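Colleague:
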Amino acid sequence: MSSAVRQADRLRTVRYDIRGPLLRRAREIEAAGHEVVKLNIGNPAAWGMHAPDAVVQGLVEHIHDAEGYSDARGVLVAREAVADYYTGRGVEGLGPDHVMLGNGVSELIVMTLQALLDPGDEVLVPAPDYPLWTGAVRLSGGTAVHYRCDEDAGWQPDVADVAARVTPATKALVIINPNNPTGAVYSREVLLGLLEVARQHGLLVLADEIYDHILFDGAVHEHAAALAPDLVVLTLCGLSKNHRAAGFRSAWMAVSGPRERAADYLDGLELLANMRMCPNVPAQHAVAAALADRASIDPLLAPGGRLREQRDHALRRLRAIPGVSCVEPRGALYLFAKLDRDVIAVDDDEALVMDLLNAEHLLLTHGTGFNLPTPDHLRMVFLAPVDVLDDAADRLERFLAGRQR
Ligand code: PLP
55 MSSAVRQADR LRTVRYDIRG PLLRRAREIE AAGHEVVKLN IGNPAAWGMH APDAVVQGLV
115 EHIHDAEGYS DARGVLVARE AVADYYTGRG VEGLGPDHVM LGNGVSELIV MTLQALLDPG
175 DEVLVPAPDY PLWTGAVRLS GGTAVHYRCD EDAGWQPDVA DVAARVTPAT KALVIINPNN
235 PTGAVYSREV LLGLLEVARQ HGLLVLADEI YDHILFDGAV HEHAAALAPD LVVLTLCGLS
295 KNHRAAGFRS AWMAVSGPRE RAADYLDGLE LLANMRMCPN VPAQHAVAAA LADRASIDPL
355 LAPGGRLREQ RDHALRRLRA IPGVSCVEPR GALYLFAKLD RDVIAVDDDE ALVMDLLNAE
415 HLLLTHGTGF NLPTPDHLRM VFLAPVDVLD DAADRLERFL AGRQR
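Residue numbers (this note's numbering): 55 to 459.
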């Protein structure tokens, strides 16, 4: 008799709810012939927001140079472009040897943690977080320790809470700025506070800045690496969001600060980079063009620009629903709305989102899927055009009207 093939035990605690049972159910509904409004994933091209021509051309023009493996860290021109970019933005001491390219920030997140963690090691991760961070810590055998971000303070991290959660087992501090799912753009004061915690406890800083160009209302993004030249900071970014080319799977990581202190760790990272041969080479050739481009994103964000209008419209519509409030996102692509549990009956936010999907064919993501401790938030992507957002808001409003206490 043959026994069942089972997944590894270490996957039992790994979750990635953005594409979990809800997406499977959405596919079933679609297979049954219904349309589902999917506002669950930050994939700009899916909503007609395309990469700039220069970025696409960078890939197309070099396609014949991209048939072989590249350097495991990535092609030199791309690594030089990344080093020059951050140098121009105040990060000290970077050259192409301090940059590693990856198949999306996702791959680099997993590599940074796989290279770092032994069982029992702890990593400070924001709550809510982009859940790959928590998932990848657990996949790597570590423990994700969630620090509080304060909704009443525009979702800025609570620095005192971060400091209180440090233990002798803490290895690293994850900073996601601008933040997914909250849209918070961290103030300099808060960033300096976080970096001081890392300094005092010798923590590696992992700065996920994938939305660093997507800013509204004059919000200013500061690179953690520029504020802390004395700390080892890994800055992660890529083409998926700023440059609307998520399908290229193209990203980078820059290692700044006193790298000699991290030499052993960086050897481990290089081992992992070598083991996957190299990142997808065609997409690496889009990196230099992407880093030279700001002109294509800024008009989307300015008053009257598509992303700005969509954010404003969706925010107005959500806030008008009885029992719903929402902090205005100052960056990224998401609204993270709160359900007032005195008004709306919700004990299990995943079940609520599943009921919403079944009843209204609208797919959102539940707050606990981002490791928020309370089951009273929903995330909506605002990449869709205004008419689609309006329709989604109608569906949500109708559904929640039936959930009033
Ligand atoms: N980091 C954050 C904060 C994200 O929101 C996402 C995608 O949504 C990623 C990383 C993954 O990006 P990539 O497409 O580069 O793998």
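Glycine included, C-beta positions come from ideal geometry on N, C-alpha and C.
On a predicted model such as this, the values are computed, not experimentally measured, just so you know.
Whole angstroms is fine: what's the gap from aspartate 215's alpha carbon to valine 177's?
Modeller: Taking the sequence shown and counting its residues from 1, the one referred to as residue 215 is at position 161. Taking the sequence shown and counting its residues from 1, the one referred to as residue 177 is at position 123. About 14 Å.
Colleague: Indicate, with yes or no, if the ligand PLP has a heavy atom lying under 8 Å from the CB of asparagine 234.
Modeller: For the purposes of this step, residue 234 is taken as residue 180 along the sequence shown, with counting starting at 1. Yes; taking the cut-off as 8 Å, the Cβ of asparagine 234 has a heavy atom of the ligand PLP nearer than that.
Colleague: Helix, strand or coil, according to DSSP, for tryptophan 101 in the structure here?
Modeller: As a first step, residue 101 must be located in the sequence shown, where it is residue number 47. Three-state DSSP puts tryptophan 101 in a helix.
Colleague: Output needed for histidine 277: all residues of its chain with C-beta closer than 8 Å, excluding positions within five of it in sequence on either side, in chain order.
Modeller: By 1-based counting over the sequence shown, the position of residue 277 is 223. Within the same chain, histidine 277 has close Cβ partners Tyr140, Arg143, Gly144, Val145, Ala261, Glu263, Asp266 and Thr289.
Colleague: Taking glycine 237 and tyrosine 123 to be in contact with their CB atoms under 8 Å, please state how far apart those CB atoms are, rounded to whole angstroms.
Modeller: For the purposes of this step, residue 237 is taken as residue 183 along the sequence shown, with counting starting at 1. For the purposes of this step, residue 123 is taken as residue 69 along the sequence shown, with counting starting at 1. 39 Å between Cβ atoms; not a contact.
Colleague: Alpha carbons only, please: which of Leu227, Glu134 and Met434 is nearest the one belonging to asparagine 234?
Modeller: Counted from its first residue, the sequence shown places residue 234 at position 180. Comparing Cα positions, the closest option is Met434.
Colleague: CB of tyrosine 265 to nearest heavy atom of the ligand PLP: below 8 Å?
Modeller: Start at 1 with the first residue of the sequence shown, and residue 265 comes out as number 211. For the ligand PLP, at least one heavy atom lies less than 8 Å from the Cβ of tyrosine 265.
Colleague: Using a Cβ-Cβ distance cut-off of 9 Å, determine whether glycine 156 contacts chain B.
Modeller: Chain labels in this structure do not include chain B; a single protein chain is all it has.
Colleague: Measuring straight from C-alpha to C-alpha, what distance separates tyrosine 240 and alanine 58?
Modeller: In the sequence shown, residue 240 corresponds to position 186, counting from 1. In the sequence shown, residue 58 corresponds to position 4, counting from 1. Between tyrosine 240 and alanine 58, the C-alpha separation is close to 48 Å.
Colleague: At the level of alpha carbons, what is the spacing between valine 341 and alanine 413?
Modeller: Residue 341 sits at position 287 when you count from the first residue of the sequence shown. Residue 413 sits at position 359 when you count from the first residue of the sequence shown. Roughly 43 Å between the two C-alpha positions.
Colleague: Taking a contact to mean a Cβ-Cβ separation below 9 Å, would you say aspartate 403 touches arginine 459 in this structure?
Modeller: Walking along the sequence shown from the start, residue 403 turns up at place 349. Walking along the sequence shown from the start, residue 459 turns up at place 405. For aspartate 403 and arginine 459, no; Cβs fall outside 9 Å.
Colleague: Would you kindly report the start and end of the unbroken alpha helix (DSSP H) that includes phenylalanine 453?
Modeller: Along the sequence shown, one-based indexing puts residue 453 at 399. Start and end: 440 to 455.
Colleague: Rounded to the nearest angstrom, what separates isoleucine 72 and glutamate 314 at their Cα positions?
Modeller: Working through the sequence shown from its first residue, we reach residue 72 at position 18. Working through the sequence shown from its first residue, we reach residue 314 at position 260. Each residue's Cα considered, the two are about 38 Å apart.
Colleague: What is the C-beta distance between valine 90 and alanine 80, in whole angstroms, given that I count them as a contact (C-beta under 8 Å)?
Modeller: As a first step, residue 90 is located in the sequence shown; it is residue number 36 there, counting from the start. As a first step, residue 80 is located in the sequence shown; it is residue number 26 there, counting from the start. Contact flag correct, Cβ pair sits at about 5 Å.
Colleague: Leucine 354 and valine 378: beta carbons closer than 9 Å?
Modeller: Position 300 of the sequence shown, counting from 1, holds the residue named residue 354. Position 324 of the sequence shown, counting from 1, holds the residue named residue 378. Cβ distance not < 9 Å, so leucine 354 and valine 378 don't count as in contact.
Colleague: With distance defined between alpha-carbon atoms, name the residue in Thr67, Leu454, Thr224 and Ile83 nearest to alanine 190.
Modeller: Here residue 190 is taken as the residue at index 136 of the sequence shown, counted from 1. For alanine 190, the nearest C-alpha among the options comes from Thr67.
Colleague: Could you check whether the Cβ of tyrosine 139 sits closer than 8 Å to any heavy atom belonging to the ligand PLP?
Modeller: Indexing the sequence shown from 1 puts residue 139 at position 85. Every heavy atom of the ligand PLP is 8 Å or more from the Cβ of tyrosine 139, so no.
Colleague: Give me the Cβ distance between alanine 337 and serine 304, rounded to the nearest whole Å; I'm assuming they're in contact under 8 Å.
Modeller: Sequence index remark: in the sequence shown, residue 337 carries index 283 (1-based). Sequence index remark: in the sequence shown, residue 304 carries index 250 (1-based). About 4 Å; that satisfies the 8 Å criterion.
Colleague: If you drop the 5 nearest sequence neighbours on each side, which residues of the same chain put their C-beta closer than 8 Å to that of alanine 461?
Modeller: Outside the displayed range of the chain (55 to 459) lies residue 461, so it cannot be described from this structure.
Colleague: With a threshold of 8 Å, are at least 3 pairs of Cβ atoms found where one atom belongs to the segment 283 to 297 and the other to the segment 178 to 185?
Modeller: Counting Cβ pairs under 8 Å, fewer than three are found: no touch.
Colleague: Relative to the alpha-carbon of glycine 194, which residue among Phe436, Asp172 and Ala218 has its alpha-carbon at the smallest distance?
Modeller: In the sequence shown, the residue the question calls residue 194 occupies position 140. The amino acid occupying residue 194 in the given sequence is serine; glycine does not appear at that position. The residue with the shortest Cα to Cα distance from serine 194 is Asp172.
Colleague: Entirely within the segment 302 to 367 and at least 3 residues each: give me those beta strand (DSSP E) ranges in chain order.
Modeller: Entirely contained in the segment 302 to 367, the beta strand (DSSP E) runs reaching 3 residues are, in chain order, 305 to 310.
Colleague: Using a 10 Å radius around the Cβ and a threshold of 16 neighbouring Cβ atoms, would you call glutamate 243 buried or exposed?
Modeller: Walking along the sequence shown from the start, residue 243 turns up at place 189. Glutamate 243 is exposed by the Cβ-count criterion.
Colleague: On the CB-based measure, 16 or more other CB atoms within 10 Å of its CB, does proline 10 come out buried or exposed?
Modeller: What the structure shows of the chain is the stretch from 55 to 459, and residue 10 is not part of that stretch, so it cannot be assessed.
Colleague: Report the three-state DSSP secondary structure of valine 287 (helix, strand or coil).
Modeller: Residue mapping note: residue 287 aligns to position 233 of the sequence shown, counting from 1. DSSP places valine 287 in strand when its eight states are reduced to three.
Colleague: If you measure from the CB of lysine 295, is any heavy atom of the ligand PLP nearer than 8 Å?
Modeller: Here residue 295 refers to the residue found at position 241 of the sequence shown. Because some heavy atom of the ligand PLP lies under 8 Å away, the Cβ of lysine 295 counts as near it: yes.
Colleague: Exposed or buried, methionine 165, counting other C-beta atoms within 10 Å across all chains shown (16 or more means buried)?
Modeller: Mapped onto the sequence shown, residue 165 falls at position 111. It is buried - the Cβ of methionine 165 has at least 16 other Cβ atoms within 10 Å.
Colleague: Taking the alpha helix (DSSP H) that glutamate 121 falls in, what are its first and last residues?
Modeller: As a first step, residue 121 must be located in the sequence shown, where it is residue number 67. Premise fails: glutamate 121 is in no alpha helix (DSSP H) and is neither H nor E.
Colleague: Short of 7 Å in beta carbon distance, which residues of its chain neighbour leucine 248, apart from the five on each side in sequence? Order them along the chain.
Modeller: Taking the first residue of the sequence shown as 1, we reach residue 248 at position 194. Here the set comprises Pro211, Val213, Val216, Leu227 and Ile229.
Colleague: Sorted by chain position, which residues of the same chain lie with C-beta nearer than 6 Å to valine 251's C-beta, five sequence neighbours on each side aside?
Modeller: Locating residue 251 in the sequence shown gives position 197, counting from the first residue. Answer for valine 251: Val216 and Ala217, listed in chain order.
Colleague: Alpha helix (DSSP H) containing valine 136: first to last residue?
Modeller: Residue 136 sits at position 82 when you count from the first residue of the sequence shown. From DSSP, the alpha helix (DSSP H) with valine 136 extends over 130 to 141.
Colleague: So, using beta-carbon positions, are alanine 108 and alanine 299 closer together than 9 Å?
Modeller: If you number the sequence shown from 1, residue 108 lands on position 54. If you number the sequence shown from 1, residue 299 lands on position 245. Contact flag unset, no.
Colleague: Tell me which residues share the same chain as alanine 282 and place their Cβ nearer than 6 Å to its Cβ, disregarding the 5 neighbours each side in the sequence.
Modeller: For the purposes of this step, residue 282 is identified with residue 228 of the sequence shown, where counting begins at 1. Contacts found: Leu249.
Colleague: Once the 5 residues before and after leucine 426 are set aside, which same chain residues still bring their CB inside 8 Å of it?
Modeller: In the sequence shown, counting from the first residue as 1, residue 426 sits at position 372. Here the set comprises Ala181 and Pro182.
Colleague: Aspartate 271 by DSSP, collapsed to three states: which one?
Modeller: Stepping through the sequence shown from its first residue, residue 271 is reached at position 217. DSSP places aspartate 271 in coil when its eight states are reduced to three.
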